[in-house]
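This note's numbering numbers the first residue of the sequence shown as 3 and each following residue consecutively. For every residue, glycine included, the Cβ atom is placed at its ideal position computed from N, Cα and C. Only one structure is covered here, and it is reproduced in the block below.
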Amino acid sequence: MSLPARASLMEASVTVADYNKDGYGDLTLGSRRGGGSGGAVYILPGTSTGPSGSARTITQSTSGVPGTPESGDYFGSDVSAADTDGDGYPDLAIGVPGEVVGDSLFRAGGLTVLRGGPSGVTGTGARWYDYGTPGIEGETSDDAWLGNSVQLGDFNRDGRAELIASAPEAWRVHVLPGTASGPTGMNSVMLTTVSFGSPSPTRLWGTLAD
3 MSLPARASLM EASVTVADYN KDGYGDLTLG SRRGGGSGGA VYILPGTSTG
53 PSGSARTITQ STSGVPGTPE SGDYFGSDVS AADTDGDGYP DLAIGVPGEV
103 VGDSLFRAGG LTVLRGGPSG VTGTGARWYD YGTPGIEGET SDDAWLGNSV
153 QLGDFNRDGR AELIASAPEA WRVHVLPGTA SGPTGMNSVM LTTVSFGSPS
203 PTRLWGTLAD
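Right under this line is the structure:
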């Protein structure tokens, strides 16, 4: 098993899912400091003897993946996998907390969801979420680091995973409901320390366990 020369395991994140439903779990590594510029995600397809010896690299330069790789984006800061749209294939959520949105000078952050399918994870049908997404509370000018930690999970058992993302610099956690077309900002919920009964301004760093 090997990773590309520009991969970095410093502050790496990991998840496993069978994206193409071939019966073998695919090992996914989020490398926020890898890829040469902006971060990368590496997928080692599963085989009958374990993870493949060679990794597939996904960056914001990959066809269909939203965004442009820039230093400090931290694409791959965290990764999580689950079926977000009910089609039976696990999808991959990727945190990009260092993303600068629009003309802002601050790192508001964001996250993308790549869809799984017969060919595995691809950029086809990818969706991007940030503070400009309708329904997500916050401003693109916030120095929030949205997507520093992410988690997908079907908490209401409707067959479509909810998307949870932390924005630690703004002391928030956002919960986006799953739909037949994937997570949506509409009817999303923003959690703060007050939501948990703690007096403001107690910090809510929001590291999510996968």
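State the Cα-Cα distance for the pair residue i and residue j, rounded to the nearest angstrom.
i	j	result
Asn-158	Gly-27	24 Å
Trp-130	Thr-59	19 Å
Ser-56	Thr-126	22 Å
Gly-112	Thr-195	21 Å
Leu-46	Ile-96	16 Å
Pro-170	Asp-24	37 Å
Ala-172	Pro-53	37 Å
Thr-213	Leu-178	What is shown of the chain runs 3 to 212, which leaves residue 213 out entirely.
Leu-154	Gly-199	24 Å
Pro-120	Met-12	31 Å
Leu-165	Val-115	9 Å
Ala-182	Asp-132	20 Å
His-176	Gly-90	24 Å
Val-102	Ala-19	29 Å
Trp-147	Asp-156	24 Å
Within 10 angstroms of its Cβ, does residue i collect 16 or more other Cβ (buried), or is it exposed?
i	result
Ser-65	exposed
Asp-1	Because the chain here runs from 3 to 212, residue 1 falls outside it and cannot be looked at.
Asp-75	buried
Thr-209	exposed
Using 8 Å for Cβ pairs, my map puts residue i next to residue j. What's the rounded Cβ distance?
i	j	result
Arg-34	Gly-78	5 Å
Ala-167	Gly-149	5 Å
Gly-180	Asp-160	7 Å
Leu-174	Asp-145	The question names Leu, but residue 174 in the sequence shown is Arg. So it is not a contact: roughly 12 Å between Cβ atoms.
Thr-61	Gly-100	Rounded, the Cβ-Cβ distance is 14 Å, inconsistent with contact.
Ala-128	Pro-68	6 Å
Val-43	Thr-30	6 Å
Identify, in the order they occur along the chain, each residue of the same chain with its Cβ nearer than 6 Å to the Cβ of residue i, setting aside the five sequence neighbours on each side.
i	result
Gly-137	Gly-187, Met-188 and Ser-190
Ser-15	Gly-32, Asp-80 and Val-81
Tyr-21	Asp-28, Pro-92, Gly-118, Gly-122 and Val-123
Gly-104	Thr-142
Ser-106	Thr-142 and Ser-143
Val-152	Asp-80, Ser-82, Ala-95, Gly-97, Leu-113 and Ala-167
Thr-17	Thr-30, Val-81, Ser-82, Ala-83 and Asp-212
Return the first residue and the last residue of the beta strand (DSSP E) that residue i is part of.
i	result
Arg-129	124-131
Ser-82	81-84
Thr-114	112-117
Arg-58	58-60
Asp-144	Counting along the chain, Asp-144 falls outside any beta strand (DSSP E), and DSSP gives it neither H nor E.
Tyr-91	Where Tyr-91 is concerned, there is no enclosing beta strand (DSSP E), given that its DSSP letter is neither H nor E.
Met-192	191-193
Asp-156	Element bounds for Asp-156: n/a, residue is neither H nor E.
Arg-174	174-178
Less than 7 Å between C-beta atoms, sequence neighbours within five positions excluded: which residues of the same chain meet that for residue i?
i	result
Ser-73	Ser-39 and Gly-40
Glu-2	In this structure the chain extends from 3 to 212, so residue 2 is not present and cannot be described.
Thr-49	Tyr-26
Tell me which same chain residues have a C-beta within less than 8 Å of the C-beta of residue i, skipping the five on either side of it?
i	result
Ala-211	Gln-153
Ser-63	Thr-70 and Pro-71
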